[in-house]
Amino acid sequence: SNSSVGCSLIDMYSKCGMIDEAEKIHSRLFLPGTMEDIEKMNSKRLQEMCVSWNSMISGYVTKEQSEDAQMVFTQMIEMGVTPDKFTYATVLDTCANLASAGLGKQIHAQVIKKKMQADVYIC
1379 SNSSVGCSLI
1389 DMYSKCGMID
1399 EAEKIHSRLF
1409 LPGTMEDIEK
1419 MNSKRLQEMC
1429 VSWNSMISGY
1439 VTKEQSEDAQ
1449 MVFTQMIEMG
1459 VTPDKFTYAT
1469 VLDTCANLAS
1479 AGLGKQIHAQ
1489 VIKKKMQADV
1499 YIC
């Protein structure tokens, strides 16, 4: 599907450090206009959105832009996309990189609330 190819392109551009290109594709494919638009999406599409956001966050981490990665994480939450274990693990890395104990504690609390603390990706 278009969104599967889009996810792959976002991932590729992010891994190559071409964040601007990744952002363009991400914006076109995965930034719906309203919360109603998100609520209408099926679960496969929502999972693809999470993968896309994860690729963007990872791309910023790869470029050592942890603050930008945290900003993208915040946008993801604001858009109503549910983070997965990979999202949390990556954002926790940014907290370590920036010595952001406050955000790290908030994310840790979310991980515990969602019962993900025993997951190998987050440990």
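Count along the sequence shown starting at 1, add 1378, and that's the number in the numbering used here. Beta carbons are placed, not taken as given, at the ideal position from N, Cα and C, and that holds for glycine.
In the structure shown, G1482 adopts helical secondary structure according to DSSP, grouped into three states. Collapsing the DSSP output to three states places D1389 in a helix. Around the beta carbon of E1456, fewer than 16 other beta carbons lie within 10 angstroms, which makes this residue exposed. Secondary structure at A1447: helix, using DSSP grouped into helix, strand and coil.
Counting the other CB atoms within 10 Å of its CB gives T1468 a total of 16 or more, which places it among the buried residues.
Closest in alpha carbon position to K1483, among L1470, M1494, K1493, is L1470. Judged by DSSP in its simplified three-state form, A1474 adopts helix. The DSSP-derived three-state label of K1441 is coil.
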